[in-house]
Amino acid sequence: MTAQLELLSARDALGPDPIPDLAAADRIIVSSSGGKDSQVALDETVRLADAAGVRDRIVVLHCDLGVTPRGHTIEWPGTLDLARAQAEHYGLSFEVRRSAKWESLLHRIRARGRFPNLFNRYCTAEMKRNVSRKFITEQVAQLGITGRPARVVLCLGLRAAESRNRAAKPPIERDPASSGRRTITLWYPVLRWSTEEVWERIHATGVPYHWAYREGMSRLSCSLCPLASASDLTCAARLRPELAAEYAETERETGSPFRRDLTMAEIIERAGAAV
Numbered sequence: 414m415t416a417q418l419e420l421l422s423a424r425d426a427l428g429p430d431p432i433p434d435l436a437a438a439d440r441i442i443v444s445s446s447g448g449k450d451s452q453v454a455l456d457e458t459v460r461l462a463d464a465a466g467v468r469d470r471i472v473v474l475h476c477d478l479g480v481t482p483r484g485h486t487i488e489w490p491g492t493l494d495l496a497r498a499q500a501e502h503y504g505l506s507f508e509v510r511r512s513a514k515w516e517s518l519l520h521r522i523r524a525r526g527r528f529p530n531l532f533n534r535y536c537t538a539e540m541k542r543n544v545s546r547k548f549i550t551e552q553v554a555q556l557g558i559t560g561r562p563a564r565v566v567l568c569l570g571l572r573a574a575e576s577r578n579r580a581a582k583p584p585i586e587r588d589p590a591s592s593g594r595r596t597i598t599l600w601y602p603v604l605r606w607s608t609e610e611v612w613e614r615i616h617a618t619g620v621p622y623h624w625a626y627r628e629g630m631s632r633l634s635c636s637l638c639p640l641a642s643a644s645d646l647t648c649a650a651r652l653r654p655e656l657a658a659e660y661a662e663t664e665r666e667t668g669s670p671f672r673r674d675l676t677m678a679e680i681i682e683r684a685g686a687a688v
């Protein structure tokens, strides 16, 4: 009996998640990081939008995290091109936006004097959430709807299995940034999917996925994310030693550790031992 229960996904146990009324949406924005979860969220959004006859209302948005002072991309090399290729596979418009204030996440970290952590995720707030909300403002202006708020659905590839905070989220919720000019519905189309289900869909579609997974990464965010697992960080430092060295230099200059329980110097040492 236990073995059978382990084979059940959250969707099997809880039933199908609700779906927003895509036919009523004026714009459907899919936030794409180029990672496996947003890749499958994009595929699922296209599938359901096709059923509603509104694929033409979808636009894919990639929030780029910039280039460090030494010229290294914060994101994994090839991420931007891959996210664009994934959007083009479905014939969708692809847009890239970056912070207007900070050249990169590392510039922001150096200015703040400390790295992000679970309770201070200014990386997500400033480099992604604020950027995507500004993009929504642009889209609403282009729509030119009068007499009612523009209806926007923002699709994010969050999964409950990734954290307790995500597990507590409903599949659909209203964005606090909604206003009299726009209503923003946050939709997590793969919230209850298991990792196995994600990979099954990716292989079924045949759409290219990021090379870092084949090199041992289990998740794909910024290359060196303080919230990543120690094993992923060790793998990332091995694959991107020059970026890791720049983070270690920032760590020394600011006097702030990369993570309270794990410094970048220690991560680099682990990566060297793993070679």
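For the sequence shown, the residue numbers in the working numbering are 414 to 688.
The C-beta atom is built at its ideal place from N, Cα and C for all residues, glycine as well.
Take the Cβ of residue i as the centre, count every other Cβ of all protein chains shown within 10 Å, and call the residue buried at 16 or more, exposed below.
i, result
"Val459", "buried"
"Trp509", "Note that residue 509 is Val in the sequence shown, not Trp. Result: exposed."
"Glu613", "exposed"
"Phe532", "exposed"
"His616", "exposed"
"Gly526", "exposed"
"Pro482", "exposed"
"Ala464", "exposed"
"Arg521", "buried"
"Glu699", "No information on residue 699 is available, as it lies outside the stretch 414 to 688 that the chain covers here."
"Val627", "Sequence inspection shows Arg at residue 627; the Val mentioned does not correspond to that position. Counting Cβ neighbours within 10 Å, Arg627 comes out exposed, since fewer than 16 surround it."
How many angstroms separate the CA atom of residue i from the CA atom of residue j?
i, j, result
"Ile432", "Ala462", "11 Å"
"Glu539", "Ile441", "22 Å"
"Glu610", "Pro429", "14 Å"
"Val620", "His502", "7 Å"
"Ala574", "Leu604", "8 Å"
"Ala641", "Gln555", "38 Å"
"Trp624", "Arg594", "41 Å"
"Trp606", "Pro584", "11 Å"
"Gly685", "Val544", "36 Å"
"Arg572", "Leu478", "21 Å"
"Ala650", "Ile680", "7 Å"
"Arg704", "Thr676", "Here the chain has residues from 414 to 688 only, and residue 704 is not among them."
"Ala437", "Val565", "9 Å"
"Arg672", "Ala657", "13 Å"
"Asp469", "Leu505", "8 Å"
"Ser591", "Arg534", "22 Å"
"Thr596", "Glu662", "43 Å"
"Phe548", "Ser446", "15 Å"
"Leu518", "Asp434", "35 Å"
For a test of the three-state rule: what should DSSP assign to residue i, helix, strand or coil?
i, result
"Val473", "strand"
"Arg564", "strand"
"Ile442", "strand"
"Leu461", "helix"
"Leu675", "strand"
"Asp434", "coil"
"Val385", "Residue 385 falls outside the range modelled here, since the chain spans only 414 to 688, and no answer is possible."
"Ser451", "helix"
"Ile680", "helix"
"Leu556", "helix"
"Gly570", "coil"
Is any non-hydrogen atom of the ligand HEM found closer than 7 Å to the C-beta of residue i, if you look at the structure I gave you?
i, result
"Thr618", "The model on display carries no ligand, and the ligand HEM is accordingly not part of it."
Review point. Does the segment 488 to 497 touch the segment 447 to 467, meaning 3 or more C-beta pairs lie closer than 8 Å?
Key: yes
Exercise for review: Could you tell me whether the segment 509 to 516 touches the segment 531 to 545, using the rule of 3 or more Cβ pairs below 8 Å?
Suggested key: yes
Review point. Hey, is the segment 663 to 674 in contact with the segment 555 to 574, meaning 3+ C-beta pairs nearer than 8 Å?
Key: no
Check your understanding: Hey, which unbroken runs of the beta strand (DSSP E) at 3 residues or more fall wholly within the segment 573 to 657?
Key -> 585 to 587 and 595 to 600
Review point. If you scan the segment 477 to 546 from start to end, which runs of the alpha helix (DSSP H) of 4 or more residues do you find wholly inside it?
Key: 492 to 502 and 518 to 525
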